[in-house]
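Enquirer: Just dropping this structure here.
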Amino acid sequence: MADVLPGERPQLAPPVDDTGPLGWVRKNLFSSWGNGITTVVLIVAIGWILSGFLHWAVFTATFDAKSGAECRGHGACWALIREKYRYIFFGSFPYEQHWRPLFAVVAMLAMLILSSDRRMWNKRLIAIWGVGSFVAFLLMFGQIHISLGLILFVALAAGGLGMILRGAIATPGELNGWRALAAVGALGLIGRITGVIPTWSLAIAPLSYVETGLWGGIPVTLILATYGLVFAFPFGILLALGRRSNLPLIKGLCVGFIELIRGVPLISLLIMASVMLPLFLPSGMTIDKFLRAQVAVILFAGAYIAEIIRGGLQSLPKGQFEAADAMGLNYVQKTTLIILPQALRVVIPPLINTFIGFFKDTSLVLIIGIFDFLNTANQALVDPNWAGFPGEVYLFAAFIYFCFCYSMSRYSKHLEIELNKGTRR
Amino acid sequence: MRNFTLTAAAAVATMLASGSAWAGKDLDAIKARGSLVCGVGQGTAGFMMADSTGKWVGLDVDVCRAVSAAIFGDSEKVKYVPLSSQQRFTALQSGEVDILSNNTTQTLTRDTALGLDFTAVTYYDGQGFLVPKKLGVKSAKELNGATVCVAPGTTTELNLADYFRAQKMTFKPVVIEKVDEVRAAFFSGRCDVYTNDSSSLYATRAANPPPPLKPEDFIVLPEIISKEPLAPAVRHGDNQFADIVRWTQYAMVEAEEYGINSKNVDEMLKSENPTIKRILGVTPGMGKALGVDEKWVYTIVKQVGNYGESFERNVGMGSVLKIERGLNKLWTQGGLQYAPPIR
Chain A
334 MADVLPGERP QLAPPVDDTG PLGWVRKNLF SSWGNGITTV VLIVAIGWIL SGFLHWAVFT
394 ATFDAKSGAE CRGHGACWAL IREKYRYIFF GSFPYEQHWR PLFAVVAMLA MLILSSDRRM
454 WNKRLIAIWG VGSFVAFLLM FGQIHISLGL ILFVALAAGG LGMILRGAIA TPGELNGWRA
514 LAAVGALGLI GRITGVIPTW SLAIAPLSYV ETGLWGGIPV TLILATYGLV FAFPFGILLA
574 LGRRSNLPLI KGLCVGFIEL IRGVPLISLL IMASVMLPLF LPSGMTIDKF LRAQVAVILF
634 AGAYIAEIIR GGLQSLPKGQ FEAADAMGLN YVQKTTLIIL PQALRVVIPP LINTFIGFFK
694 DTSLVLIIGI FDFLNTANQA LVDPNWAGFP GEVYLFAAFI YFCFCYSMSR YSKHLEIELN
754 KGTRR
Chain B
81 MRNFTLTAAA AVATMLASGS AWAGKDLDAI KARGSLVCGV GQGTAGFMMA DSTGKWVGLD
141 VDVCRAVSAA IFGDSEKVKY VPLSSQQRFT ALQSGEVDIL SNNTTQTLTR DTALGLDFTA
201 VTYYDGQGFL VPKKLGVKSA KELNGATVCV APGTTTELNL ADYFRAQKMT FKPVVIEKVD
261 EVRAAFFSGR CDVYTNDSSS LYATRAANPP PPLKPEDFIV LPEIISKEPL APAVRHGDNQ
321 FADIVRWTQY AMVEAEEYGI NSKNVDEMLK SENPTIKRIL GVTPGMGKAL GVDEKWVYTI
381 VKQVGNYGES FERNVGMGSV LKIERGLNKL WTQGGLQYAP PIR
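Those sequence lines, one after another, are chains A and B. For the first sequence, our numbering gives the first residue as 334, with consecutive numbering after it. For the second sequence, our numbering gives the first residue as 81, with consecutive numbering after it.
Structure representation (structure tokens):
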């Protein structure tokens with residue numbers, strides 16, 4: 334024994350109960366008496382619940398039935414979902430035209446998925462959203478009439494923005510282009526208001542018109558959440574910048590707005606928009622109910638996004654602001670070229686978190702009679718032929734919500750890792 | 081000659097002026113729009129709900145379809161706007177909807193202070209009690225000491241307390257907000273009695289009590305402790321439109337009374353009965369007086385049916401709700417549905 338030199342000892346395999354699946358089980362599940370008992374109790378409990386659930390949801394479930402009465406006495410009544418799924422997904426949209434909301438949803442999901450790829454985060458994204466939104470809304474409405482006034486206003490706004498944002502960096506040719514665009518818009522609008530130019534609208538009408546009152550289900554939830562956030566985003570940026578402004582009036586207005594909106598529940602805003610607003614409007618004038626809800630969601634989301642972005646702005650070291658000033662950049666250039674790109678990078682994960690929240694919050698619109706996905710699921714329960722199976726319908730709705738929200742939260746996680754690659758050691 | 085022209089012009093102007101005075105602004109707007117905007121509720125079985133294809137059906141929906149048939153000759157020219165109970169009156173006042181047909185109880189304050197005009201009652205509802213048969217109760221007077229499931233903050237709760245106090249009885253309330261939960265509590269035996277509007281009680285009974293219980297194991301007691309006349313409402317200010325809505329309902333009741341239904345309406349056109357001839361517009365005059373097509377009742381009955389047909393199809397024996405006609409029988413059969421004569 335004493336003759337064996339160090340390092341020449343034969344290598345023994347680790348003890349059998351320390352490796353392999355058995356070892357893992359021993360180490361992780363049964364490392365002590367207490368842990369062992371906990372493991373056994375939990376396994377028994379999970380098995381008991383799962384077997385009960387499977388018994389109800391699969392083994393004794395009814396998948397095919399003419400009415401709810403046939404489901405009576407069995408397990409889950411999935412036949413109800415089978416009967417009602419098209420209503421739950423698309424609401425009162427004309428039945429034989431359900432392909433339209435289907436493709437609109439596909440278009441919106443495609444836009445969201447394309448936007449999730451970081452390589453697409455540039456001007457292409459604006460083009461994708463422009464075309465995609467146009468297609469989605471054309472499918473939903475069937476006909477879109479764009480009035481001349483709106484076209485002119487967009488021209489003026491685009492020209493004005495171009496002049497401000499590109500003012501100091503654009504070539505003279507480009508700048509003249511922006512100026513021309515703004516001038517055409519402004520002159521056209523003046524002509525339109527004074528009545529020199531007659532009313533005209535660009536009509537794109539390949540399909541039958543379907544008003545927003547008939548929209549329902551998944552497209553409504555997606556539109557309210559997606560466009561709520563898309564429009565709330567620039568609005569939130571402006572609010573956040575305004576809140577950090579040196580001008581007391583702008584600062585006061587922004588702080589007041591943000592605190593007011595954040596201080597009330599979304600439901601009260603929605604009720605204001607649907608119950609109070611019509612009373613203030615001149616009689617006979619009504620604003621589309623869906624649009625009112627959408628605006629309420631935008632205002633609400635805007636205030637929350639503003640606070641998130643303010644967090645991003647505050648996380649920037651002061652040196653960045655000072656360096657930009659030292660370069661001689663004006664406020665617009667400093668903000669768009671130096672500050673915002675850095676601040677927004679920080680806040681993208683929390684923004685997705687907000688999106689998940691709003692995706693679910695939109696179901697509050699049921700209080701004002703808009704049939705979003707959860708509300709159409711609710712409506713499916715009213716039919717007396719199929720009444721009495723709330724569990725099945727809510728489980729189905731929960732499953733669909735989970736699919737959306739879980740994929741978003743996974744994406745947020747992935748993005749957090751992606752964006753922090755540069756700062757990781 | 082010049083004088084004649086002037087006189088003719090004046091006559092035409094007078095006719096035009098009186099014409100526009102006859103047709104109210106709401107009716108003009110509806111006709112110009114080409115569709116009737118009908119405010120309904122967010123789903124009540126049998127009264128208004130979207131079926132599996134998303135189409136609105138129900139007793140209240142039939143009212144709007146019938147009005148559309150009277151005005152346009154087509155019962156499908158209706159846009160439905162689902163409204164929550166908070167926003168329904170505002171929506172009517174602000175002009176978002178033309179007619180409110182969503183199980184609204186006619187009361188004095190709503191008829192006056194809210195600026196609404198209730199038309200004819202389409203359904204006489206009232207608060208009742210649902211009990212399991214095995215409780216062995218035949219009358220609400222035997223409910224002393226019972227546990228009662230009720231929704232909070234509604235007139236239902238107040239009516240319940242009033243009734244028990246008046247009968248010198250005691251009860252234990254179980255207050256639950258959501259209808260699904262109330263039903264679950266009642267069927268699981270947490271309370272002996274469930275009180276609500278009787279139409280809703282029938283829906284609850286039909287809403288499939290969990291096995292082995294069957295709908296037949298429960299009865300609605302005969303006592304009705306409140307009056308809930310449900311009527312469609314329109315805005316103040318357009319009497320002609322209100323007349324059309326009111327007489328549309330009367331026409332459906334009248335059609336039932338004279339045995340005119342969607343199946344035999346074409347044969348009835350040949351009837352010799354002067355009343356039927358007047359109703360169906362064979363003898364003209366009624367449509368003109370109301371400001372609609374002379375064939376208005378024919379169109380309503382042909383496309384929607386008479387009141388009895390609509391009732392049985394949506395809430396009566398032709399549906400799973402199986403609500404008895406009860407108060408909603410014709411006056412000739414001992415009920416309250418009584419339409420003034422169309423003449």
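We treat Cβ as the ideally placed atom computed from N, Cα and C, and that holds for glycine.
By the criterion of Cβ-Cβ separation under 9 Å, what are the contact partners of B:K159 in chain A?
Expert: Going along chain A in sequence order, the residues near B:K159 (Cβ under 9 Å) are E544, G546 and L547.
Enquirer: If the criterion is Cβ atoms closer than 9 Å, does the pair A:G561 and A:A636 meet it?
Expert: Result no, Cβ atoms of A:G561 and A:A636 do not sit closer than 9 Å.
Enquirer: Under 9 Å, do A:D694 and A:L599 count as touching if we go by C-beta distance?
Expert: Yes, Cβ-Cβ distance for A:D694 and A:L599 is below 9 Å.
Enquirer: Classify B:T170 as helix, strand or coil using the three-state DSSP reduction.
Expert: B:T170: helix per DSSP, three-state reduction.
Enquirer: Within the 9 Å Cβ cut-off, does B:V135 reach chain A?
Expert: In the sequence as presented, Val is not what sits at residue 135 of chain B; that position holds Lys. Answer yes: the Cβ-Cβ gap between B:K135 and chain A drops below 9 Å somewhere.
Enquirer: Just mark B:N394 as buried or exposed, buried being the case when its beta carbon has 16 or more other beta carbons within 10 Å.
Expert: When all chains shown are included, B:N394 counts as buried.
Enquirer: Going along chain A in order, which residues have a C-beta closer than 7 Å to the C-beta of B:V400?
Expert: Under the 7 Å cutoff, chain A gives P717 and N718.
Enquirer: Any contact of the segment 213-229 of chain B with the segment 320-339 of chain B, i.e. 3+ C-beta pairs under 8 Å?
Expert: Verdict: no, contact absent.
Enquirer: What whole-angstrom Cβ distance do B:I422 and B:V381 have, given they're in contact under 8 Å?
Expert: No, B:I422 and B:V381 are not in contact; Cβ-Cβ is about 12 Å, not under 8 Å.
Enquirer: In chain A, which residues lie less than 7 Å from B:S132 when you measure between Cβ atoms?
Expert: In chain order: E416, K417 and Y420.
Enquirer: With 9 Å as the C-beta to C-beta threshold (strictly closer), list the residues of the segment 666-690 of chain A near chain B in chain order.
Expert: The segment 666-690 of chain A vs chain B, Cβ under 9 Å: nothing.
Enquirer: How big is the Cα-Cα spacing for B:I179 and B:V141?
Expert: In a straight line, the C-alpha of B:I179 is about 11 Å away from that of B:V141.
Enquirer: Is the segment 518-526 of chain A touching the segment 470-487 of chain A, taking contact as three or more C-beta pairs under 8 Å?
Expert: Cβ pair count under 8 Å is three or more, so yes.
Enquirer: Can you give me the C-alpha to C-alpha distance between B:Q166 and B:I304, rounded to a whole angstrom?
Expert: The alpha-carbon atoms of B:Q166 and B:I304 are separated by roughly 26 Å.
Enquirer: Got a sec, what are the start and stop residues for the alpha helix (DSSP H) A:D694 sits in?
Expert: Element bounds for A:D694: L673 to D694.
Enquirer: Counting C-beta neighbours from all protein chains within 10 Å, is the total for B:R168 16 or more, i.e. buried, or is it exposed?
Expert: So B:R168 ends up on the buried side.
Enquirer: Taking 9 Å as the threshold (C-beta atoms), are A:I461 and A:F564 in contact?
Expert: Cβ atoms of A:F564 and A:I461: not closer than 9 Å.
Enquirer: Find the residues of chain B that neighbour A:F706, judging by a C-beta separation of less than 7 Å, and give them in chain order.
Expert: Correct list: empty, because the minimum Cβ distance to chain B is about 14 Å.
Enquirer: Could you tell me which residues DSSP pairs with B:V137 in its beta bridges?
Expert: B:V137 pairs with B:M129.
Enquirer: What does the Cβ neighbour count give for A:W381, buried or exposed, with the cut at 16 atoms within 10 Å?
Expert: It counts as exposed.
Enquirer: So, does the CB of B:R393 fall closer than 9 Å to a CB anywhere in chain A?
Expert: Not closer than 9 Å to any Cβ of chain A, the Cβ of B:R393 fails to qualify, so no.
Enquirer: Please go through the segment 564-648 of chain A and give each complete alpha helix (DSSP H) segment of 4 or more residues, from N-terminal end onward.
Expert: The qualifying runs are 581-595, 599-604, 610-613 and 622-648.
Enquirer: Count the other C-beta atoms from every protein chain shown that fall within 10 angstroms of the C-beta of A:M453, then say buried if there are 16 or more, exposed otherwise.
Expert: Per the 10 Å Cβ criterion, exposed.
Enquirer: What does A:H478 pair with, by DSSP beta-bridge criteria?
Expert: In the DSSP output, where bridge partners are listed per residue, A:H478 has A:A536.
Enquirer: Does A:K622 come within less than 9 Å of chain B when only Cβ atoms are used?
Expert: By this cut-off, A:K622 is an interface position.
Enquirer: Answer yes or no: does any C-beta atom of chain B fall closer than 9 Å to that of A:N509?
Expert: No, A:N509 does not count as interfacial toward chain B.
Enquirer: Around the Cβ of A:T352, are there at least 16 other Cβ atoms within 10 angstroms (buried) or fewer (exposed)?
Expert: Exposed is the call here.
Enquirer: Is the Cβ-Cβ distance between B:N276 and B:V345 less than 9 Å?
Expert: It is not a contact, given that the beta carbons lie outside the stated cut-off.
Enquirer: For my contact list, B:F321 and B:D106 are in at a C-beta cut-off of 8 Å; report their separation, rounded to the angstrom.
Expert: Yes, B:F321 and B:D106 are in contact; Cβ-Cβ is about 5 Å, under 8 Å.
Enquirer: Taking C-beta to C-beta, are A:S541 and A:Q430 nearer than 9 Å?
Expert: Against a cut-off of 9 Å, the Cβ pair of A:Q430 and A:S541 comes out as a contact.
Enquirer: Between A:L602 and A:F633, is the Cβ-Cβ spacing less than 9 Å?
Expert: Taking 9 Å as the Cβ cut-off, A:L602 and A:F633 qualify as a contacting pair.
Enquirer: Going along the chain, which residues of its own chain have a beta-carbon closer than 7 Å to the beta-carbon of B:M348, five neighbours each way excluded?
Expert: Taken in chain order, the residues that qualify are I340, I356 and L360.
Enquirer: Give every residue of the same chain whose Cβ lies closer than 6 Å to the Cβ of A:A394, excluding the five residues on either side of it in the sequence, and list them in chain order.
Expert: G408, A409 and W411, listed in sequence order.
Enquirer: Under 9 Å between C-beta atoms, does A:T801 make it to chain B?
Expert: What the structure shows of chain A is the stretch from 334 to 758, and residue 801 of chain A is not part of that stretch, so it cannot be assessed.
Enquirer: Report the CB separation of B:L407 from B:Y282 in whole angstroms; it is logged as a contact under 8 Å.
Expert: 13 Å between Cβ atoms; not a contact.
Enquirer: Please confirm whether A:Y637 has its beta-carbon closer than 9 Å to some beta-carbon of chain B.
Expert: It does not; no Cβ of chain B falls within 9 Å.
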